[in-house]
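Visitor: Residue numbers for the sequence shown, in our numbering: 3 to 233.
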Amino acid sequence: LAREFELLAGLRHPYIITVLDYGFAEGTLPYFTMTYLPEPLNLLEAGQRASLETQVTLIQQLLQALAYLHRHGILHRDLKPDNIMVQHGQIQLLDFGLSAADSIQSGSTGTPLYLAPELIAGGHTTIASDLFAAGILSYQLLAGRHPFAPFDHDFLDRVELAEPDYSPIEPHLRPFLRQLLAKTAASRFHDALAALDHLGTALGQALSVESVAIRESYLQAAKFVGRKQEL
Numbered sequence: 003l004a005r006e007f008e009l010l011a012g013l014r015h016p017y018i019i020t021v022l023d024y025g026f027a028e029g030t031l032p033y034f035t036m037t038y039l040p041e042p043l044n045l046l047e048a049g050q051r052a053s054l055e056t057q058v059t060l061i062q063q064l065l066q067a068l069a070y071l072h073r074h075g076i077l078h079r080d081l082k083p084d085n086i087m088v089q090h091g092q093i094q095l096l097d098f099g100l101s102a103a104d105s106i107q108s109g110s111t112g113t114p115l116y117l118a119p120e121l122i123a124g125g126h127t128t129i130a131s132d133l134f135a136a137g138i139l140s141y142q143l144l145a146g147r148h149p150f151a152p153f154d155h156d157f158l159d160r161v162e163l164a165e166p167d168y169s170p171i172e173p174h175l176r177p178f179l180r181q182l183l184a185k186t187a188a189s190r191f192h193d194a195l196a197a198l199d200h201l202g203t204a205l206g207q208a209l210s211v212e213s214v215a216i217r218e219s220y221l222q223a224a225k226f227v228g229r230k231q232e233l
């Protein structure tokens, strides 16, 4: 746990909440502190009634944040609207309580509404399962509803077996969502950067030039502020 907190405290990315400090209260109860966000909206609150341009921008920001996490060997493992806050048009990915500093973890520890088919079947958490959750969130933003609703006793079967209705989605974005929501991990994008490239092509955008803040996030060695010696 201390190793994971140390890793999280070292993350610096404009679309990921900053972990400021961590430790163990009374020697046993783990805690960490994060940047304060005054009155943010979650991803769906901020985006479902927004313009298509705004929705796509939020999706791109989410994929950029995931690309950074995955490059650092971290899986989020619990992507859902309340773990993606939006303030001033910019997402802040948070709640790494289920993250792990490994590329693969066994067991499905995320929120059931956002689990990939392989996790429902008892498989491993991977980059691909994070991307599936990102696909569900993207569909919700663009279509205004969950792709496998309603949430009844057949819900998990639909996630594993049924194809979503893509008719509410703009035609040029459907292939992007189909690949994010592919039933098998191997059929999805191999990483978040590949998904970003595909989305940019669908939008007729040139390969995006990273902002200075994003470029620096890959180079910056964040100052570690935790009490390493006490742990």
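Glycine is no exception: its CB is placed at the ideal position from the N, C-alpha and C atoms.
Could you tell me the distance, in whole angstroms, from the CA atom of D156 to the CA atom of L163?
Guide: Going from the Cα of D156 to the Cα of L163 covers about 10 Å.
Visitor: Would you mind sorting G1 into buried or exposed? The rule is 16 or more other CB atoms within 10 Å of its CB.
Guide: There is simply no residue 1 to check, as the chain begins at 3 and stops at 233 in what is shown.
Visitor: Please state whether DSSP places A102 in a helix, a strand or coil.
Guide: Residue placement at A102 cannot be trusted, given a pLDDT of 48 that sits under 50; what the coordinates show is reported in the next sentence. Reduced to three states, the DSSP call for A102 is strand.
Visitor: Apart from the five residues just before and just after R176, which ones in its own chain have a Cβ nearer than 6 Å to its Cβ?
Guide: Only Y168 meet the Cβ criterion.
Visitor: For F34, report the span of its beta strand (DSSP E) as first-last.
Guide: Here the beta strand (DSSP E) through F34 covers L31 to M36.
Visitor: Identify whether L39 lies in helix, strand or coil by the three-state DSSP scheme.
Guide: Here L39 sits in coil by DSSP.
Visitor: The beta strand (DSSP E) spanning Q50 covers which residue range?
Guide: It is not in any beta strand (DSSP E) - Q50 carries neither H nor E in the DSSP assignment.
Visitor: Of the choices H192, A123 and I129, whose alpha-carbon is the least far from that of L71?
Guide: Measuring from the Cα of L71, the nearest candidate turns out to be I129.
Visitor: A102 to N85, Cα distance in whole Å?
Guide: Interpretation of A102 is limited by its pLDDT of 48, a score under 50 that renders its predicted location unreliable; the figure taken from the coordinates is listed afterwards. Roughly 16 Å between the two C-alpha positions.
Visitor: For L31, count neighbouring Cβ atoms within 10 angstroms of its own Cβ and tell me buried if that reaches 16, exposed if not.
Guide: L31 comes out exposed.
Visitor: With DSSP run on the structure shown, which of helix, strand or coil describes F157?
Guide: F157: helix per DSSP, three-state reduction.
Visitor: With L43 and V88 assumed to form a contact (beta carbons below 8 Å), what rounded beta-carbon distance in angstroms separates them?
Guide: So it is a contact: roughly 5 Å between Cβ atoms.
Visitor: Would you decide whether A123 is buried or exposed? Buried here means 16 or more other CB atoms lie within 10 Å of its CB.
Guide: By the neighbour-count rule (16 or more Cβ atoms within 10 Å), A123 is not buried but exposed.
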